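The structure appears below as structure tokens.
Protein chains: 2
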Amino acid sequence: MFNTVAVVGATGAVGRIILQLLEQRRFPARTFRFFASARSAGQQVEFAGQRITIEELTHTCFQGIDLVIASTPDETAAEYLPSAVQAGCRVIDESGYWRMHSDVALVVPEINPQEALNAKGIIASPNCSTTQMVLALKPLHDAARVRRVIVSTYQATSGAGLQGTADLLEGSRAALAGTDYQYQVFRYPIAFNAIPQIGSFKQDGYTSEELKMVYETRKILGDDSIQVCPTCIRIPVSNCHSETINVETERPLTVEEARRLFAATPGITVVDDPANGQYPMPSTCDGSDDVFVGRIRRDLSNPNCITFWCVSDNLRKGAATNAVQIAELLARHAAK
Amino acid sequence: MFNTVAVVGATGAVGRIILQLLEQRRFPARTFRFFASARSAGQQVEFAGQRITIEELTHTCFQGIDLVIASTPDETAAEYLPSAVQAGCRVIDESGYWRMHSDVALVVPEINPQEALNAKGIIASPNCSTTQMVLALKPLHDAARVRRVIVSTYQATSGAGLQGTADLLEGSRAALAGTDYQYQVFRYPIAFNAIPQIGSFKQDGYTSEELKMVYETRKILGDDSIQVCPTCIRIPVSNCHSETINVETERPLTVEEARRLFAATPGITVVDDPANGQYPMPSTCDGSDDVFVGRIRRDLSNPNCITFWCVSDNLRKGAATNAVQIAELLARHAAK
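Residue numbers (numbering that gives the first Met the number 0), protein chains in the order written: chain A, 0 to 335; chain B, 0 to 335.
Structure, rendered in structure tokens:
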């Protein structure tokens, strides 16, 4: 139980869902305060039957707050969250900025809850495309040791924030009408297109989004020997990321064993009855908190590999849900 | 030079482009005849300044025809093309039905032209998702021997024919308007969604489309030891298939070597300057006859692998262009 919980970035695509989840899941706190940039400060939001005014994020706003859940751009997290830690807050951060810092915990509660409980400073929530993959990898890693992962993503526009989805919808409307549309966040039209770039290009021709899938996976699973080769692609889906995941394990797994391992993992739902047209899709996973796995099959090209399809709501388990689950973990612990 | 060339399935998504290509590329023939099902027979089409009436496809329609280019559903190809062979026609078939028959040549002209020239019966054109991949693999295979391929596809709705694209556009309009739309060819809504099924489910949890990528690749490259693990996904793009392709070669290739090999291959265009935002996309490859390759990079997880992104117009090089190129090859040979 916390006295005062703050949500920073409360008006963003993820922030809005964090508020919904705190309300729906009756998060145990006496007071909730919501912060955003000066542009959004002063707006009112409905929360648990009250109207709460959005306050402006400042370096001195964290006094008297026990827990901060922040979902902001990287530069905002870089600038403001150290002030929250200094003010004595527990801090859960959705941004990419702090995740790989050596003194920051990077947590998926089903995988490494203890690191959240032990954290002295910021607790980071992983990148959306990483979270769903790593949750699916975890039971396979525990059972058979994951050696190598080749992953291709099919990422939704909501990962680029509210304007990302607006770009998709307005861009699609314009394309269907044969008119022009000036995209705000995408470099190229995303309507009826696929863009092989998410984030910026870093070393070896990989993007920042792809390298997150390499390094965050190792940190969360606590195994730097896991090899990951990712390709991240933006597609014209408004919400839910999908991934084709090919996993090589040290010990070969049968499809039946992999299916059992997935099914026994909290947070994973197996939807895998292809003969009856049952597999996860963005349209069926939107709004759910779980990671959905289907099309589980042996890799025809290597007996130590299995391959599957993984879909999850990137704003939920990929972001808001994971952060709120970390907060709930801290609250349960604080209650003891 | 042929006297009489027939196009069967002339009113379909691929058939229309075959007609365009025959006209634009001034295919050397004295007479062109166009066939379709009874439903479309009697329609007129503009071709090279003439109006040509679509004739009905029958078992006896092939008399006096030298070359047949057919783009029809599998069952139509199964039923009618043997009559064309019996009538003495050279036959190029776009359908999936004949490709893996042992006495049928499966041809990509840049790869195995001699098999088209030697063919006694039907010459098949490969599946769209296979053609672009195998053309990209060919120079790597010649230089370093391809051992294993892991491929994930991002396939356009035009691969499901004219109604596939109508489904995408009408379904998108309806989704944006908040109204219902009854999809004709897709099992689930394709607008703003990703569907992990193309074709029907066959053995080991793989779809017919995926198994085509396994078996056709081996047949075209003439190497049954090549291992392929495909996952085929339909995305809301109207035209051009994209693929992430991870290739393991016997001899390790550097990125520079792979790029040189791609660039030196007729039919491949390298678009690979990520620092300047240059990579292939459906929006930029639509209407082109080449296979486009970009994001060429080393696989971080295995020194014997490179990985890249491949886009091609599935109605062109994936279908019509490849068939017309085979026809041109036969015409050049017939002229000698």
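Heads up, the beta-carbon is just placed ideally off N, CA and C, and yes, glycines get one too. The structure presented is a predicted model; accordingly, all values stated were derived computationally and were not measured.
With DSSP as the reference, identify every bridge partner of A:S311, one or two as the case may be.
For this step, residue 311 of chain A is matched to residue 312 along the first sequence. DSSP output for A:S311 lists A:H240, A:V290 as bridge partner(s).
Against chain A, which members of the segment 168-182 of chain B pass a CB distance test of less than 7 Å?
L168, S171, R172, L175
Based on the DSSP output, what are the partners of A:E327 in its beta bridges?
Your numbering for residue 327 of chain A matches position 328 in the first sequence. Bridge partners of A:E327: none, in fact.
On the DSSP bridge list, what partners appear for A:N245?
If you number the first sequence from 1, residue 245 of chain A lands on position 246. The partner list for A:N245 (beta bridge, DSSP) reads A:I149, A:T306.
Please go through the same chain and pick out, in chain order, the residues whose beta-carbon is closer than 6 Å to the beta-carbon of A:T30, but skip the five residues on each side of it.
In the first sequence, residue 30 of chain A corresponds to position 31, counting from 1. Closer than 6 Å at Cβ, skipping near neighbours: T3.
Am I right that B:D203 and A:R296 are in contact with their C-beta atoms under 8 Å? What's the rounded C-beta distance?
Residue 203 of chain B sits at position 204 when you count from the first residue of the second sequence. Residue 296 of chain A sits at position 297 when you count from the first residue of the first sequence. Yes, B:D203 and A:R296 are in contact; Cβ-Cβ is about 6 Å, under 8 Å.
Please give the ranges of any alpha helix (DSSP H) in the segment 138-189 of chain A, keeping only runs that are unbroken, at least 4 residues long and fully inside the region.
161-176
For B:A262, does the three-state DSSP call read helix, strand or coil?
The sequence position of residue 262 of chain B within the second sequence is 263, counting from 1. Note: B:A262 maps to helix in three-state DSSP.
Hey, is A:N192's beta-carbon within less than 7 Å of any beta-carbon in chain B?
Along the first sequence, one-based indexing puts residue 192 of chain A at 193. Closer than 7 Å: yes.
Check whether A:Q162 and A:V145 have beta carbons under 7 Å apart:
Position 163 of the first sequence, counting from 1, holds the residue named residue 162 of chain A. Position 146 of the first sequence, counting from 1, holds the residue named residue 145 of chain A. Not closer than 7 Å, so no.
Answer with yes or no whether the minimum CB distance from A:Q226 to chain B is below 7 Å.
Counting from 1 along the first sequence, the entry for residue 226 of chain A is found at position 227. For A:Q226, the answer is yes, since a Cβ of chain B falls inside 7 Å of its Cβ.
Can you pull the DSSP bridge partners for B:A104?
In the second sequence, residue 104 of chain B corresponds to position 105, counting from 1. B:I122.
Between the beta-carbon of B:A135 and the beta-carbon of B:V290, is there less than 7 Å?
By 1-based counting over the second sequence, the position of residue 135 of chain B is 136. By 1-based counting over the second sequence, the position of residue 290 of chain B is 291. The answer is yes: Cβ separation under 7 Å.
On the CB-based measure, 16 or more other CB atoms within 10 Å of its CB, does A:D271 come out buried or exposed?
Within the first sequence, residue 271 of chain A is the residue found at index 272, counting from 1. With 16 or more other Cβ atoms within 10 Å, it is buried.
Does the beta carbon of A:L299 come closer than 7 Å to any beta carbon on chain B?
Numbered from its first residue, the first sequence carries residue 299 of chain A at position 300. Yes, contact with chain B.
In this structure, how does DSSP classify B:A333 when only helix, strand and coil are distinguished?
On the second sequence, residue 333 of chain B is found 334 positions in, with the first residue counted as 1. Of the three classes helix, strand and coil, the one that applies to B:A333 here is helix, per DSSP.
Might you give, ordered along the chain, the residues of its own chain that have their beta carbon closer than 8 Å to the beta carbon of A:M99, omitting 5 neighbours on each side?
Locating residue 99 of chain A in the first sequence gives position 100, counting from the first residue. Around A:M99: L105, Y214, E215, K218.
Would you mind listing the alpha helix (DSSP H) stretches within the segment 11-55 of chain B that are 4+ residues and don't spill past its ends, in chain order?
12-23
With 7 Å set as the bound, which would you pick, yes or no: does the beta-carbon of B:F200 sit closer than that to a beta-carbon of chain A?
In the second sequence, residue 200 of chain B corresponds to position 201, counting from 1. Output row for B:F200: interface = yes.
Closest by C-alpha distance to B:C239, when choosing among B:P112, B:V227, B:L314, B:A263:
Residue 239 of chain B sits at position 240 when you count from the first residue of the second sequence. The shortest C-alpha separation from B:C239 is found at B:L314.
What residue does the beta strand (DSSP E) around B:Q226 start on, and which one ends it?
Walking along the second sequence from the start, residue 226 of chain B turns up at place 227. B:Q226 -> beta strand (DSSP E) spans 226-233.
Backbone CA spacing between B:S287 and B:S241 [nearest angstrom]
The residue you call residue 287 of chain B lines up with position 288 of the second sequence. The residue you call residue 241 of chain B lines up with position 242 of the second sequence. Going from the Cα of B:S287 to the Cα of B:S241 covers about 14 Å.
Assigned exposure category for A:N192 - 16 Cβ within 10 Å defines buried:
Against the first sequence, residue 192 of chain A aligns to sequence position 193. Its Cβ being crowded by 16 or more others within 10 Å, A:N192 is buried.
Closer than 7 Å, Cβ to any Cβ of chain A: which residues of the segment 197-222 of chain B, in chain order?
F200, D203, G204, Y205, V213
Bridge partners of A:R98, per DSSP?
On the first sequence, residue 98 of chain A is found 99 positions in, with the first residue counted as 1. Bridge partners of A:R98: none, in fact.
Residue range of the unbroken alpha helix (DSSP H) whose run includes B:A77
Here the question's residue 77 of chain B lines up with position 78 in the second sequence. Counting along the chain, the alpha helix (DSSP H) containing B:A77 begins and ends at 73-85.
Counting beta carbon pairs with one atom in the segment 220-228 of chain A and one in the segment 174-188 of chain A, are three or more of them shorter than 8 Å?
no
Since A:V236 meets chain B, which of its residues come closer than 8 Å, beta carbon to beta carbon?
Looking up residue 236 of chain A in the first sequence gives position 237. Per Cβ cutoff of 8 Å: F191, N192, A193, I234, P235.
Label B:S94 either buried or exposed according to how many other C-beta atoms from any shown protein chain fall within 10 Å of its C-beta, with 16 as the threshold for buried.
Translated into positions along the second sequence, residue 94 of chain B becomes position 95. Under this definition B:S94 is a buried residue.
Any C-beta of chain B within less than 9 Å: which residues of the segment 273-298 of chain A qualify?
P273, A274, G276, Y278, P279, M280, P281, S282, T283, G293, R294, I295, R296, R297, D298
Work out the CA separation of B:T152 and B:T283 for me, nearest whole Å.
On the second sequence, residue 283 of chain B is found 284 positions in, with the first residue counted as 1. On the second sequence, residue 152 of chain B is found 153 positions in, with the first residue counted as 1. Roughly 17 Å between the two C-alpha positions.
Supposed close pair B:E80, B:F46 - CB separation, criterion 8 Å:
Mapped onto the second sequence, residue 80 of chain B falls at position 81. Mapped onto the second sequence, residue 46 of chain B falls at position 47. Correcting the residue type first, residue 80 of chain B is Leu in the shown sequence and not Glu. Not quite, the Cβ-Cβ distance comes to about 23 Å (not below 8 Å), so this is no contact.
Heavy atom of the ligand PLP less than 6 Å from the Cβ of A:Y278, yes or no?
Among the ligands in the structure shown, none appear at all, so the ligand PLP cannot be discussed.
Would you please verify whether the beta carbon of A:Y96 is less than 7 Å from any beta carbon of chain B?
Residue mapping note: residue 96 of chain A aligns to position 97 of the first sequence, counting from 1. No, because no Cβ of chain B sits closer than 7 Å to the Cβ of A:Y96.
By the three-class DSSP mapping on this structure, what secondary structure does A:D203 have?
Sequence index remark: in the first sequence, residue 203 of chain A carries index 204 (1-based). In this structure, A:D203 counts as helix in the three-state DSSP scheme.
Could you give the first and the last residue of the continuous alpha helix (DSSP H) run that contains B:T59?
Residue 59 of chain B sits at position 60 when you count from the first residue of the second sequence. Careful: B:T59 lies outside any alpha helix (DSSP H) and carries neither H nor E.
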